[in-house]
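Chains A and B, in that order, give the protein sequences.
For the first sequence, the UniProt record's numbering gives the first residue as 1, with consecutive numbering after it.
For the second sequence, the UniProt record's numbering gives the first residue as 1, with consecutive numbering after it.
Glycine included, C-beta positions come from ideal geometry on N, C-alpha and C.
Below: the structure, in structure tokens.
2 protein chains.
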Amino acid sequence: MSIGSGTVGLRTVREANLGVVLRTVRESAPCSRAAVAAATGLNKTTVSSLVADLMARGLIRETGETAQNGVGRPGVLLALDDSSVAALGLEVNVDYLSVVAVDLVQRELTSRHMPFDARAAGPDESARHIVAALREVMADPSVRGRTVVGAGIAVPGLVDAPTGTVRRAPNLGWSDFPLGARTDVLGFPVRVDNDANLGAIAEYRVGSFAGTPDLVYVTGEVGIGAGVLTGGSLLRGAGGFAGELGHLTLGPDGPECSCGRRGCLEASAGIGAILRDAVPDLAPERPLPGADVAALVDATVGRAAAGNGTAVSALERAGTRLGQGLAALVNLVDPGLVLLGGYFVPMGPWLLPSCRTALASGVFAPNTGGCRVEPSSLGLSAAARGGAAGVIHALDSGALPLPEAVDAG
Amino acid sequence: MSIGSGTVGLRTVREANLGVVLRTVRESAPCSRAAVAAATGLNKTTVSSLVADLMARGLIRETGETAQNGVGRPGVLLALDDSSVAALGLEVNVDYLSVVAVDLVQRELTSRHMPFDARAAGPDESARHIVAALREVMADPSVRGRTVVGAGIAVPGLVDAPTGTVRRAPNLGWSDFPLGARTDVLGFPVRVDNDANLGAIAEYRVGSFAGTPDLVYVTGEVGIGAGVLTGGSLLRGAGGFAGELGHLTLGPDGPECSCGRRGCLEASAGIGAILRDAVPDLAPERPLPGADVAALVDATVGRAAAGNGTAVSALERAGTRLGQGLAALVNLVDPGLVLLGGYFVPMGPWLLPSCRTALASGVFAPNTGGCRVEPSSLGLSAAARGGAAGVIHALDSGALPLPEAVDAG
């Protein structure tokens, strides 16, 4: 039976069922077809057909072992096939590209982090670099030979996810750029999303607090954004623009922001602002195109660790501002957990205490509403990792982009 | 067959199916049992049994008409029974109690609005007043004889909805008060929730913008709170404390707030603050216990309409502050629609222009992210209306608190 031969309705049901079986094997492997049938309520013939399909697509495999479960023939055990497919994730940010490939069990196959001046390159040249970086990862020995099932690309700005258009990314200098369309040459599905949203997905799927349904991931780059998960789902908002934490106005007299307004949180607590305050002799006045942000962050952390007063007090001030911004977020959204990502991670020892103090004093609910603030465990690859994790998650939901197979049933 | 005789699992499935049938009749009435079976995928015998149960509970009725649908016997048409049950809603706020009763089709049966000084009364005496007010509505000729299926009570503060405990309501002076338990004497289920949450539910179910899945309802009382709906569901947050818009800090130098901090939005844009600025010769210095807030609001609106500069500029300033607070909300949550409720409605003509201007200048997404700000059509009864609407909605979800009936099947 060809899978594509049914009606649209049947096709959709079958896709959903493929996802159900894949998810069941992910959760229960190793498990027999009979166990899958019992867990899902699908009948055994249907399960056998779906399993054959998923095997043909390289998503599940027989382990070679059997299990006796009650009477009847012993069941051949199934597991996820971690050798056949790969999902890619990429983040483009002000000063770097980060790329990662993972297998079906979300294990990292390879990752790269490369300095890249996206603002100087401009959107067209950046899109070419992005395509080249993804192809380079596909050629890596750990990925070559696998079927790439899709890629997720993270951009620091407002993204219209359904069309893959970057609406407004002031720190990159991009607006209304159809990045998704520029990646059509790759030949597999590419989703473009906001970097903070993908960071939150990464935390939920593979971070140290994986499985926490209400959490916020905060990007710590030149820009500050928040990816908000409520009940395990991304809070996107009516127009897909939720989570613009960096552009909360803390006061109209604050410094000028890349967005053209004054007093935005990221203009005083984004990495560019921190570096200018913490290592004024090294950091350029404003903004930071072409600067080696990673090296400046290293210098800041080094000086703070050595007790340099300028660096320490700059980090503490930024932590206070960040806590004030997070207080607004916690008052409005009440997440149980806020994870600070990106360059905030190495700066955490000096940022976090003042951040937590300001948060506690700004939150109306008793005891900060129970909300914790912790550093992310995913570092600068969080958003790329979330891009790849989202592709794998989409498979579990039955969105199978692989060529349709003819099953044996 | 007695409904209570099955296992817990079967009981739950039956309850869910009762809700499905009730919802289907709500959406498609008048409709036959066969049409319900076709729409739900349930078999006709099951539908007949569920319909008998719902009729025994006074939730659906036969209209007395029939419809020929294909071959076979003509089907007797069903509709919601709008004569047998009632749901109640009540809001307790700083200066009033508002009570409403609705029927199964969400039509208002009766409503009352009475001045009440909850702060002076204290929580215990207030609870007695609440019970008395609900009993008074039950005795109204439009309600008497109906089965009351439940009540929803709105409180301006942090509420632990599952237990019905008011955690913190500074404008009432209550903390950790088990209001839900105090209403057990009523003999029907009572849910206690935050006033803004219930206002948002009212807007979604019966307001002028009903059906808008992403909206925020803002209470305009002495306190300011936000009820946030995303995708048609309340955003409650990890601890149930989301939406504390009134306690966003606009600046550390702002006026002192009832919560003990400085610079909260409601300390400069809540109704108490507006009245002190707008009609300083009439309004008490601070706070407003015992003041006739409604009369002061009338005076403010009267003077503003007459062009009184003090009143007009006080309202414009409050509108600007409100817009600044809403900008934080829109940047973080991106609702498509914000509805200003309570006393903000009569003040709207002078508040709204400066509010919209401040919002537009504070939102990062282009064109305010497409977000509109409009006055609520539900006035001071919004939260009470939402309390009742929530009870009716719970019926549609299969939470049927009526005594179990023995069906004829």
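Is the beta carbon of residue j closer than 9 Å to that of residue i?
i               : j                : result
residue 428/B   : glycine 211/B    : Nothing in the structure corresponds to residue 428/B, since chain B is present only between 1 and 409.
threonine 183/B : alanine 127/B    : yes
glutamate 244/B : asparagine 331/A : yes
leucine 186/B   : glycine 152/B    : no
alanine 154/B   : glutamate 91/B   : yes
glycine 387/A   : glycine 89/A     : yes
residue 416/A   : glycine 64/A     : Because chain A is modelled from 1 through 409, residue 416/A falls outside the range shown and cannot be assessed.
serine 268/A    : valine 222/A     : no
leucine 78/B    : serine 49/B      : no
glycine 237/B   : glycine 237/A    : no
leucine 315/B   : alanine 304/B    : yes
leucine 352/A   : valine 373/A     : yes
leucine 235/A   : valine 333/B     : yes
leucine 322/B   : cysteine 371/B   : no
leucine 248/B   : leucine 265/B    : yes
aspartate 277/A : arginine 23/A    : no
glycine 342/B   : glycine 379/B    : yes
glycine 200/B   : leucine 229/B    : In the sequence as displayed, the identity of residue 200/B is alanine instead of glycine. It is a contact, given that the beta carbons lie within the stated cut-off.
For the putative contact between residue i and residue j, defined by C-beta atoms under 8 Å, what is the C-beta separation to the nearest angstrom?
i               : j                   : result
alanine 120/A   : valine 94/A         : With a Cβ gap of about 10 Å, alanine 120/A and valine 94/A do not count as contacting.
glycine 225/A   : alanine 196/A       : 4 Å
aspartate 340/A : glycine 227/A       : Before going further, note that residue 340/A is leucine rather than aspartate in the sequence given. Between glycine 227/A and leucine 340/A the Cβ distance is about 12 Å, and since that is not below 8 Å, they are no contact.
glutamine 324/A : alanine 358/A       : 5 Å
threonine 110/A : valine 143/A        : 6 Å
leucine 250/B   : glycine 263/B       : 5 Å
serine 377/B    : glycine 232/B       : Not quite, the Cβ-Cβ distance comes to about 19 Å (not below 8 Å), so this is no contact.
alanine 52/B    : arginine 146/B      : No, alanine 52/B and arginine 146/B are not in contact; Cβ-Cβ is about 21 Å, not under 8 Å.
alanine 39/A    : serine 28/A         : 6 Å
glycine 369/A   : phenylalanine 209/B : With a Cβ gap of about 29 Å, glycine 369/A and phenylalanine 209/B do not count as contacting.
Looking at the structure shown, is residue i part of a helix, part of a strand, or coil, going by DSSP?
i                   : result
proline 74/A        : coil
residue 410/B       : Outside the displayed range of chain B (1 to 409) lies residue 410/B, so it cannot be described from this structure.
cysteine 31/A       : strand
tyrosine 96/A       : strand
phenylalanine 177/A : strand
cysteine 264/B      : strand
proline 123/A       : helix
isoleucine 60/A     : strand
isoleucine 3/B      : Confidence in isoleucine 3/B is poor, its pLDDT being 32 and thus under 50, which makes the residue's placement unreliable; the coordinate value appears in the next sentence. In the structure shown, isoleucine 3/B sits in a helix (DSSP, three-state: H, G or I).
asparagine 171/B    : coil
valine 363/B        : coil
glutamate 91/B      : strand
serine 397/B        : coil
leucine 282/A       : coil
tyrosine 217/A      : strand
serine 111/B        : strand
alanine 327/B       : helix
arginine 191/A      : strand
serine 142/A        : coil
aspartate 277/B     : helix
Relative to the C-alpha of residue i, which residue among the options is closest?
i                   : options                                   : result
valine 216/A        : Arg182/A, Ala327/A, Ala306/A and Gly157/A : Ala327/A
alanine 34/A        : Leu59/A, Val76/A and Glu15/A              : Val76/A
phenylalanine 344/A : Leu359/A, Ala318/A, Gln324/A and Leu332/A : Ala318/A
isoleucine 271/B    : Gly240/B, Gly251/B and Ala311/B           : Ala311/B
leucine 59/B        : Lys44/B, Leu80/B and Ala67/B              : Leu80/B
glycine 17/A        : Ala38/A, Ser142/A, Val218/A and Leu42/A   : Rather than glycine, the amino acid found at residue 17/A in this sequence is asparagine. Considering only alpha carbons, the answer is Leu42/A.
serine 361/A        : Pro252/B, Ala200/B and Asp281/B           : Pro252/B
glycine 122/A       : Thr46/A, Leu172/A, Leu315/A and Val131/A  : Leu172/A
alanine 161/B       : Arg191/B, Pro170/B and Ser142/B           : Arg191/B
arginine 168/A      : Ala238/A, Ala39/A, Gly260/A and Glu125/A  : Gly260/A
aspartate 82/A      : Pro74/A, Thr66/A and Val105/A             : Val105/A
proline 115/B       : Arg205/B, Asp103/B, Val51/B and Asp292/B  : Asp292/B
proline 30/A        : Thr230/A, Asn367/A, Gln68/A and Arg276/A  : Gln68/A
histidine 113/B     : Arg385/B, Ala37/B, Asp277/B and Val338/B  : Arg385/B
proline 280/B       : Ala181/B, Val297/B and Pro170/B           : Val297/B
serine 84/B         : Gly369/B, Ala132/B, Val13/B and Arg57/B   : Arg57/B
valine 148/A        : Val159/A, Asp103/A and Pro141/A           : Asp103/A
glycine 246/B       : Glu125/B, Val51/B and Pro170/B            : Pro170/B
leucine 179/B       : Ile130/B, Glu62/B, Ala382/B and Gly398/B  : Ile130/B
The ligand SAM and residue i: does any heavy atom of the ligand fall closer than 8 Å to the residue's C-beta?
i             : result
alanine 161/B : Judged by which ligands are present, the structure shown has none, so any question about the ligand SAM falls away.
Fill in: the region 130-145 of chain B touching the region 94-104 of chain B, judged by at least three CB pairs closer than 8 Å
For the pair of segments examined, the region 130-145 of chain B was found to touch the region 94-104 of chain B: the number of CB pairs separated by less than 8 Å reaches three.
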